[in-house]
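Colleague: To convert, count from 1 in the sequence shown and add 1109; that's the numbering used here. The structure that follows is given in the form of structure tokens.
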Amino acid sequence: MTRISLTLILAFGLTACGDASGTAGTADAGTNPPTGADGGEDRNGDASSRADAGTAPMPGFTGFAGFPADPSYSDEFRSGEASGGYPTDPDTRLSCFDGVDNDDSLVADCADPACQSLGSCCVGRGDCCEALSAGPLPTGLDVSGCAGTDAAACVSGLGTTFSTFGDLLPFLDRGALAPGGDASGDAGLVLGEAIDLRTHRVVLSADILSAEDCTATCLESVAIGFAPDAPMGRVVRPLVALLSSPSLNQMRLVIGDEVVKSFPVVAPSVRWSLTLDPEGRVEVSNDQPEFTAYEAPFAPAAAARLVIYGRSRNPSATGLGGARIGKLTINTSLCDMPSAWNAREQLPLLDSGSPAGDLGLNLEAPALVRDADVTYAAFARDGAILLGELRADGVELNSTGRPEYIRPDATHGWQAGGFDDPALLRPGARTPEVYFTATGADGTERIGMASPNAADQFEVGAAPLLEPRDYGLTGVSQPTVAEHSSGTTILLVHARDAQGTHIEAFYRESPAAAFVRITQGNLRALTLSGSARADADDVGEPSLVLFDHAWHLYVARRQGARYSVGLLASDELVSWRWVDTDAFGASGVTGAFDRLGARSPAALVTDNSVELLYLGLDGAKATLGRTRRSANGGSVAP
């Protein structure tokens, strides 16, 4: 797959899947939005020297490049030299996320072409997608080379997946496709498989031919668009379609049961285009120079079918050309839309393949990591860390013949209050490590780590891995951890200081080194509790993954008693943007286990999708749930 308008081929390997990763830097800086430029080249390769902002650098960024999510995403990330204005410095990139039109271009931030070269700007955009060479829809349909009138035989011979519907089936008419149908109902073709319009961008371009000698009483019509994934019925009610009405000499945009716009037809054959964007925009255009493209909102469906339908005169009775579809091209691309989750499911807890009973009670803070063909899971339970395995049918908590726990040693004061909030890391090819919150006898929360010994049993380190007072903090908890391609370990935590709670980022270049706090950038400002940008009483429980050439940070946002899962994105763990403050929340379905919200996200990248474990809230208890979403295929995780 090739990203639309992207001029660089992207490739990068990552060994950690459970949380995700970042090259080292030093330097300290503030956290206010920068006054520097947005610089960059857009996805068509057009450079902008000034872009969206001025040129004054933000203090403290010199020499610190952050941790590029994908070093091969741009040569400038590796060389530090801009070719054509790519935003190489964090201060430059930060102005792509400050909410200000810094260069007076009438568009701001990720809408500015200068910022669109950023992988983090691509997340959640319906016009920044990966073109599919093979997908649920064919690449087009051209019946002009077929003889006779048997449309089904022709389409079958072209190798296109299809089905027909209606009483008078589609037929070939003068090298084009007539839909069939009659006064009693529609007929036509369904092409390809069901498609999720919440994640796919589709451009349909077709030669639509008007019927000959079609008066006011003529029933001829032909349409192309998308209908619900259900039997078509006698009258097709499309989700969105272009409908040719020759008796009115009009082309109509139909959304649901409503004609939202009519366009005059000025020539017998016009090439019309219908573009559907997963953000909920549909655009109509054609090849006539005087035509102005028209855009309208629509509701993308999770399952839709591409359909050609309409009503035709009996060709043998009239000998006149009817309304029909000539050459059709279909361009389909897959987009990274963070709110387009598939069905949610309550995830069973298993004990040697059977329901876990009381073993599954009081589980908190799920964590995941992939190791070859095994997905490890970890949970907090009663002050200890419980290890298990994620399977297709649930979470196995007893895969070793007994529950496996990592328990605190009360003789060590820094862990006397128990363990919580596990995070998993598989560094290189080694056995996963377990990071966790350790509460001390003094009530201070620190970060600890357990790693496997020679007997393949987890041993807790003798001292905390992260001591908050060493970094001017009063507490650190809820770790998420990842490994960068350089071997650098990235650690994000929920931190507390005198101003409140927020997310902090740290790194260390080797197991023997101390963690360095990343003070540059805007992560603290974006996640500070009660701040205008965080817009929440607390932002915590982070889960970091690398997906589609950008860092994705899932967080739980608490507003009063309500929880939802939000998403931030970054190119290098320094410059961050809120993609969606409610990417995953209450389902709104009466009786659902997560109807009142979701928290404790644990994201795992597998193939071209993100799998999310979470705790669903129904007002009485928290229940483990699972969902998944697909995206561009830009994942660099194994």
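All C-beta atoms in this analysis are idealised placements derived from N, C-alpha and C, irrespective of residue type, glycine included. Note that the structure is predicted; figures quoted are calculated from it, not measured.
For the region 1243-1261 and the region 1212-1223, state whether three or more C-beta atom pairs, one from each stretch, are separated by less than 8 Å.
Modeller: The region 1243-1261, when compared against the region 1212-1223, does not touch it at the 8 Å Cβ threshold.
Colleague: Using DSSP's beta-bridge definition, name the partner residues of W1660.
Modeller: L1655 and S1679, per the DSSP bridge assignment.
Colleague: I think Q1587 touches E1650, with their Cβ atoms under 8 Å apart; what is that distance to the nearest whole Å?
Modeller: Indeed, because the Cβ distance is near 5 Å, the residues count as touching under 8 Å.
Colleague: What are the boundary residues of the alpha helix (DSSP H) that includes S1265?
Modeller: Here the alpha helix (DSSP H) through S1265 covers A1260 to G1266.
Colleague: Which residues bound the alpha helix (DSSP H) around T1636?
Modeller: That run of the alpha helix (DSSP H) goes L1632 to T1636.
Colleague: Three-state secondary structure (DSSP) at L1300?
Modeller: Strand, per DSSP.
Colleague: Can you give the beta carbon distance from T1636 to I1612, rounded, assuming they're within the 8 Å contact cut?
Modeller: That belief holds up - the Cβ atoms of T1636 and I1612 are roughly 4 Å apart, short of 8 Å.
Colleague: What is the residue span of the alpha helix (DSSP H) that C1231 lies within?
Modeller: Where C1231 is concerned, the enclosing alpha helix (DSSP H) stretches over G1228 to C1231.
Colleague: Determine the contact status of G1266 and L1278, defining contact as a CB-CB distance below 7 Å.
Modeller: Not in contact: G1266 and L1278 (Cβ atoms no closer than 7 Å).
Colleague: Mind checking G1233: buried by the 16 CB within 10 Å criterion, or exposed?
Modeller: Buried is the call here.
Colleague: Leaving aside the five residues before and after S1272 along the sequence, list all residues of the same chain whose C-beta is less than 6 Å from its C-beta, in chain order.
Modeller: Cβ within range, chain order: V1299.
Colleague: Rounding to the nearest angstrom, what Cα-Cα distance links S1183 and E1720 in this structure?
Modeller: Annotation note: pLDDT 48 at S1183 (below 50); position unreliable, no value reported.
Colleague: Within the same chain, show all residues whose beta-carbon is closer than 7 Å to that of P1573, passing over the 5 residues directly before and after it, in chain order.
Modeller: Within the same chain, P1573 has close Cβ partners W1523, A1547, R1555, I1556 and G1557.
Colleague: Please state the DSSP three-state secondary structure of C1224.
Modeller: In the structure shown, C1224 sits in a helix (DSSP, three-state: H, G or I).
Colleague: Measuring alpha carbon to alpha carbon, tell me which residue in A1287, S1652, E1239 and P1447 is nearest L1534.
Modeller: Closest by alpha carbon: S1652.
Colleague: Could you tell me the alpha carbon to alpha carbon distance between D1305 and G1700, rounded to whole angstroms?
Modeller: So the two alpha carbons sit approximately 26 Å from each other.
Colleague: Determine, using beta-carbon pairs with one atom in the region 1343-1351 and one in the region 1431-1446, whether at least three such pairs fall under 8 Å.
Modeller: At 8 Å Cβ cutoff, the stretches do not touch.
Colleague: When you compare the region 1587-1604 with the region 1479-1491, are there three or more beta-carbon pairs, one atom per stretch, that lie closer than 8 Å?
Modeller: Contact between the region 1587-1604 and the region 1479-1491 is absent, because fewer than three Cβ pairs lie under 8 Å.
Colleague: Compute the Euclidean distance between the alpha carbons of S1242 and L1443, then round it to the nearest angstrom.
Modeller: Roughly 11 Å separates the two Cα atoms.
Colleague: If you reduce the DSSP assignment to three classes, tell me which class S1107 lands in.
Modeller: Because residue 1107 is not part of the residues shown, which for the chain are 1110 to 1747, the question remains open.
Colleague: Could you check whether E1404 and E1392 sit closer than 7 Å to each other, using their CB atoms as the reference points?
Modeller: A contact, by the Cβ cut-off of 7 Å.
Colleague: Give me the DSSP bridge partner(s) of W1381.
Modeller: Paired residue(s): A1315 and N1395.
Colleague: Please name the residue or residues paired with G1609 in a DSSP beta bridge.
Modeller: For G1609, which the question treats as bridged, DSSP gives the partners D1606.
Colleague: Short check: CB of R1380 to CB of D1396, under 7 Å?
Modeller: It is a contact, given that the beta carbons lie within the stated cut-off.
Colleague: Sort out for me which residues DSSP pairs F1615 with in a bridge.
Modeller: In the DSSP output, where bridge partners are listed per residue, F1615 has L1600 and R1626.
Colleague: With DSSP as the reference, identify every bridge partner of E1367, one or two as the case may be.
Modeller: DSSP lists I1364 as partners of E1367.
Colleague: Exposed or buried, N1471, counting other C-beta atoms within 10 Å across all chains shown (16 or more means buried)?
Modeller: When all chains shown are included, N1471 counts as exposed.
Colleague: Put G1734 into one of helix, strand or coil per three-state DSSP.
Modeller: Three-state result, G1734: strand.
Colleague: Starting from V1331, trace the beta strand (DSSP E) in both directions and tell me its first and last residue.
Modeller: Run containing V1331: S1330 to P1337, per the beta strand (DSSP E) assignment.
Colleague: Rounded to the nearest angstrom, how far is the Cβ of L1385 from that of V1349, given a contact under 8 Å?
Modeller: Confirmed, about 7 Å.
Colleague: Does the region 1702-1713 come within contact of the region 1655-1665, defined as at least 3 CB pairs closer than 8 Å?
Modeller: They touch, by the three-pair rule.
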